[in-house]
Structure formats: C-alpha cells, structure tokens
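J.:
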Amino acid sequence: MIVAAFVPFVLVLLIIAVIFLSIKFAKRSTIIQKVNVKWVFILYCFLLIVSVPISYFLPVRNSANFSVSEEEINKAKRAADYLSTAAFEGKRIDKDKIDGVTILKQWEFPFEGKHLEINREEEDYYYPILILIERKDENDNSIQITQYQSKTIIQHVDLTNQEEPSLIDIKEESLTIRNPKQKEIRLAKFSKEFTINQFTTEKDSSNVFLEDSEIYSNPVLYIQIPKDVVVNGNTDEIQFVNE
C-alpha cells in the first residue's frame with residue numbers, strides 16, 4: 003500500500019530525530035559529554051545501513067496490480083461502442099452477450115395501465131443514457147427494466163464498480179428516470195522528475211492525466227413493457243426494439 007512505501011522514510015526521520023535529541027541532551031549531561039563523538043557517528047551509520055535491508059521486508063503492495071492493460075482498455079472501448087450502436091439500431095441486447103458489458107441493476111414493477119409516460123429528469127449534471135423499449139408478446143401486467151453498462155476506466159484504473167444505477171420510479175402511468183447519485187473519486191499519480199526522466203527512454207510524463215486512457219460507461223436502460231401499452235415520452239433518447 004501507499005502508506006507502507008513511506009515507512010522507510012519515516013524510520014530515517016525518527017532515527018535523525020533520536021540522534022538530534024540525544025546530542026541536545028548530551029550537551030546538558032556531564033556523563034554523556036565524556037562519550038567519544040566518534041562512536042555516536044558510528045552508531046548513526048550503523049542504523050542507516052541496517053535500515054536498508056529492513057525496508058525490503060516491509061509489506062509494500064505494488065500499485066501495478068491495479069493497473070489496467072492497454073489490451074483491456076481497447077476491449078472496453080469496443081464494448082462501449084458496440085453497446086451504443088446496438089441501442090441506436092434497436093437490437094435486442096438482452097439476447098446478445100456483449101463481451102465487456104454487464105448488468106448494473108434490474109427492476110420489476112407491477113403495471114396495469116394502458117399508457118406509459120416516460121420522463122427523464124436531469125438534475126445539476128449531465129448523465130448520458132440510452133433507453134431501449136421492447137414490447138412483449140403478451141399483457142402480463144408488469145414492467146421489467148435492466149440497466150446495462152460498459153466499463154469505466156480512468157488513468158488505467160478500473161472504476162466500473164463505483165458506478166451507481168439510475169434512480170427509477172413508477173407512479174400510476176408515469177415512469178421517471180433520474181440521474182444516479184454522484185460520487186467523488188480522487189486519483190493521484192506519481193512520475194519521475196524531469197532531471198531523471200530526460201535521460202530515460204520512457205514517455206514524457208509531464209502530462210500525467212492522458213485522455214486516451216479514459217473510458218466512460220455507456221449505460222443503456224432496457225425496458226420491457228406489456229404488449230398493448232402505449233408509450234409517450236419527453237426524451238429523444240428512446241428507441242424501440244425491432245419496431
């Protein structure tokens with residue numbers, strides 16, 4: 003972990019602090035004043051040498067284990083593009099197993115109405131979502147909703163599990179879709195200083211946040227309605243399946 007990486011540095015600071023306090027105390031003690039300064043210096047060097055091998059046994063977790071490879075990023079891009087294309091073309095994505103696309107949440111509501119008004123309420127931030135509607139072969143007095151998503155990868159870190167589903171509510175003959183709750187995620191990245199990096203063959207790390215490693219989820223709401231229900235909506239994001 004990141005905290006463990008700073009342990010050797012903290013140990014060195016503690017050693018220096020102990021030596022500093024010892025010297026300060028020695029100035030006030032007649033007994034310690036008799037101790038040869040050479041031995042104090044030898045002890046200090048000994049502690050520094052010992053701290054080096056000790057640092058290798060400290061539990062340090064390699065952050066590369068959390069890094070997403072370029073192959074996975076390209077795969078996520080293809081999945082996001084395919085999911086959007088399938089939704090715009092009105093394909094039955096519930097039957098297609100798209101590699102890289104997962105189900106975020108599923109809902110089921112009893113519904114006995116003849117009309118369904120779909121309202122999309124955006125709050126203080128934009129949240130893109132496509133709405134697919136499939137008409138069933140029967141009137142079973144129920145509405146099933148599935149939210150599909152592709153991966154969200156930022157700075158080679160997979161944040162898909164941090165995604166929240168849309169807020170959906172059905173009252174009488176009105177289905178309301180609201181934006182999910184926002185989350186604050188902070189990312190930090192370490193890079194080598196220019197004095198070191200200028201002599202290496204690594205890529206320029208001055209721009210630590212690169213857009214080509216950022217992929218955002220393309221969420222799709224797949225709504226299955228009874229056969230004879232008439233749908234109305236105030237959004238241009240609605241697409242009917244195979245109609």
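Just so you know, our numbering puts 142 at position 140 of the sequence shown, and the rest follows in order with no gaps. We put the CB at the ideal spot given by N, CA and C, even for glycine. Please read these numbers as outputs of a predicted model, since none were measured by experiment.
Locate the alpha helix (DSSP H) running through S86, then write down its first and last residues.
T.: 72-90 is the span of the alpha helix (DSSP H), which, as asked, contains S86.
J.: For Q157, which three-state DSSP category applies?
T.: coil
J.: On a Cα-Cα basis, can you pick out the residue from E136, Q151, N121, K99 that is closest to I246?
T.: The structure shown does not extend to residue 246, since the chain spans only 3 to 245, so no value can be given for it.
J.: L163: which of C47, T154, D171 sits nearest, CA to CA?
T.: Note that residue 163 is Asn in the sequence shown here, rather than Leu. Of the candidates C47, T154, D171, the one whose C-alpha sits nearest the C-alpha of N163 is T154.
J.: Going by CA-CA distance only, name the one from S219, Q108, I240, S53 that's closest to K79.
T.: S219
J.: Do L169 and Y224 have their beta-carbon atoms positioned less than 8 Å apart in this structure?
T.: no
J.: Does the region 71-86 come close enough to the region 118-128 to have 3 or more Cβ pairs within less than 8 Å?
T.: no
J.: Looking at C-alpha atoms only, which residue of A81, Q226, I240 is the closest neighbour of F113?
T.: Its Cα nearest to that of F113, the residue Q226 stands out among A81, Q226, I240.
J.: Would you identify the three-state DSSP class for I18, choosing helix, strand or coil?
T.: helix
J.: Which whole-angstrom value is the C-beta distance of R188 and E123, which I expect to be below 8 Å?
T.: At roughly 28 Å, the Cβ-Cβ gap does not stay under 8 Å, so R188 and E123 are not in contact.
J.: In terms of alpha-carbon separation, which member of K185, F48, K183, E175 lies closest to G235?
T.: E175
J.: From G92 to V70, what distance separates their C-alpha atoms?
T.: 31 Å
J.: Please name the residue, chosen from F90, N244, N141, that lies closest to V222 on a Cα-to-Cα basis.
T.: Looking at the Cα atoms, F90 is the closest of the given residues.
J.: What residue does the beta strand (DSSP E) around F113 start on, and which one ends it?
T.: Note, F113: premise wrong, no beta strand (DSSP E); not H, not E.
J.: In chain order, what residues of the same chain lie with their CB nearer than 7 Å to the CB of Q254, ignoring the 5 residues before and after it?
T.: Past the edges of the chain, shown from 3 to 245, lies residue 254, and the structure says nothing about it.
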